[in-house]
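Below is one structure; the comments refer to it alone.
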Ligand SMILES: Cc1cc2nc3c(=O)[nH]c(=O)nc-3n(C[C@H](O)[C@H](O)[C@H](O)COP(=O)(O)OP(=O)(O)OC[C@H]3O[C@@H](n4cnc5c(N)ncnc54)[C@H](O)[C@@H]3O)c2cc1C
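Residue numbers (my numbering): 81 to 567.
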């Protein structure tokens, strides 16, 4: 039986001690349905890392996931993990340092992130990589600069997208005896008379309620709110109506919980977008190595350096006629994609949501952009790609900074880009120890949070690759802290 099948079988056998009629009130009940040392809510990267780490530190652990499968946005992710990793970076001729990664993370976020948490994430990320390897994740030796990462320090697993993380950590969780409850939604935190988090209320798919005691602590790892259109429209009205690439589980349940229980929130208006799919698109075409593509507007020209930070790219796209543009690349860009991303691209081709052509002129016709302007632009770009590194750059550009793949190998490809809600840097406030803070400035004891659910790390803009570094690192640390805390 495969690991995932075993987990599903365990789910089917999970006892369902009904608590019909229990009001979600926040007070610990007289009797609990189940008792563990640590309860983790959310089965994405942060939650899985927390559950495994807590179990490795001796705790009995229950992991609640509201969907019918584990993974969340972590599974959908492209898998790039930002980390100062001297062995692989040296092999690829890249100089880097912890200080540089901290500085770039802070500056990208307009210095609104908590510098102590940023340093902790950056310093601990290499150990997180080693820990993930010990759990069975295999990383490539290559190091990447991806869309909005600002530097070449992203590691990528051998398996496509986020599968390596979810597969390895769920297997490890099972080996360690973590009890995983799927289709079980955290609805409330239950607080004891002393003001400590004593457990959670959760709702099963048939509507029954469950009270799960957490003797040592609860870890909130319920992800962001990118898939909650009303919440996005409320906090970032200028982005209302955009499509999202998030998992349907990213509905900001913790935001509602925080408002009800007086927990502090921060950074809520900073909703991150990427050049993704327009609303209504059924397939997923996406390139993420900025040296491999150009962004072209309706006039046939480039309008931004594609290696810019995500906030800059978002604002540039919003300024284009009809907020419309295309990602344009050649066959080399396709060859650089992992198999799942290639499949997404070919699905888009079949569905007429991406197109390719033997010549650039034919591609321009399909994109309905002026052919001459487009041809001139690509010629200029290819010259710049060929000249990069040969002479000192008078004015640095993408090609001099990170190199460019010249667009010369047919067929040439394009797909229309729509800004897509991708990540929500805002969320619950945590202190330097990862404990969740109340609006009165005190920590709610017995409650930690990790991953996209928190709002204290990235500030106004997240560097690409820092999402997984954050989720896995703070998940790992929160799991250990909860397991070792005094009940
Ligand atoms: C398409 C895409 C590509 C990305 N690529 C990258 C990349 O290459 N590198 C990078 O660093 N970042 C990337 N990101 C961002 C990255 O995936 C996230 O930052 C990270 O996965 C967040 O992990 P998490 O565990 O906090 O949240 P998630 O992985 O989303 O997990 C949260 C889980 O909690 C569950 N949940 C929610 N509410 C409840 C509830 N009430 N009760 C129980 N369970 C609940 C959800 O269903 C979900 O399974 C990408 C994101 C997307 C969408």
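Heads up, the beta-carbon is just placed ideally off N, CA and C, and yes, glycines get one too.
Any chance the CB of residue i is under 8 Å from a heavy atom of ligand 1?
i	result
residue 194	no
residue 265	yes
residue 533	yes
residue 145	yes
residue 357	no
residue 253	no
residue 502	yes
residue 393	no
residue 322	no
residue 160	yes
residue 347	no
residue 368	yes
residue 150	yes
residue 226	yes
residue 541	no
residue 230	no
residue 484	no
residue 137	no
residue 548	yes
residue 155	yes
residue 421	no
residue 536	no
residue 308	no
residue 285	no
residue 331	yes
residue 133	no
residue 250	no
residue 588	Nothing can be reported for residue 588: it is not among the residues displayed for the chain, which extend from 81 to 567.
Does DSSP put residue i in a helix, in a strand, or in coil?
i	result
residue 421	helix
residue 512	coil
residue 554	helix
residue 495	strand
residue 445	helix
residue 451	helix
residue 438	coil
residue 459	helix
residue 525	strand
residue 110	coil
residue 571	Outside the displayed span of the chain (81 to 567) sits residue 571, for which this structure offers no information.
residue 520	coil
residue 115	strand
residue 346	strand
residue 354	strand
residue 100	Interpretation of residue 100 is limited by its pLDDT of 36, a score under 50 that renders its predicted location unreliable; the figure taken from the coordinates is listed afterwards. Coil, per DSSP.
residue 121	strand
residue 72	Only positions 81 to 567 of the chain appear in this structure, which leaves residue 72 out of reach.
residue 363	coil
residue 331	coil
residue 507	strand
Is it buried or exposed, residue i, if we count other Cβ atoms within 10 angstroms and call 16 or more buried?
i	result
residue 101	Summary for residue 101: the model assigns pLDDT 38, below 50, so the residue's position carries little reliability; its value from the coordinates is reported in the next sentence. Residue 101 comes out exposed.
residue 290	buried
residue 75	Any question about residue 75 goes unanswered here, given that the chain covers just 81 to 567.
residue 439	exposed
residue 366	buried
residue 519	exposed
residue 243	buried
residue 171	exposed
residue 236	buried
residue 522	exposed
residue 247	buried
residue 459	exposed
residue 326	buried
residue 296	buried
residue 395	exposed
residue 335	buried
residue 226	buried
residue 566	exposed
residue 376	buried
residue 178	exposed
Is there a C-beta anywhere in chain B that falls below 9 Å from the one on residue i?
i	result
residue 364	No chain B is part of this structure, which consists of one protein chain only.
Hey, which unbroken runs of the beta strand (DSSP E) at 3 residues or more fall wholly within the segment 365 to 432?
374 to 377, 405 to 409
Threshold first: 3 residues or longer. Then list the beta strand (DSSP E) segments lying entirely within the segment 206 to 286, N to C.
259 to 261, 264 to 271, 277 to 284
Please go through the segment 281 to 328 and give each complete beta strand (DSSP E) segment of 3 or more residues, from N-terminal end onward.
289 to 300
Return the chain-ordered ranges of every alpha helix (DSSP H) run that is complete within the segment 151 to 213 and spans a minimum of 4 residues.
152 to 156, 166 to 171, 178 to 188
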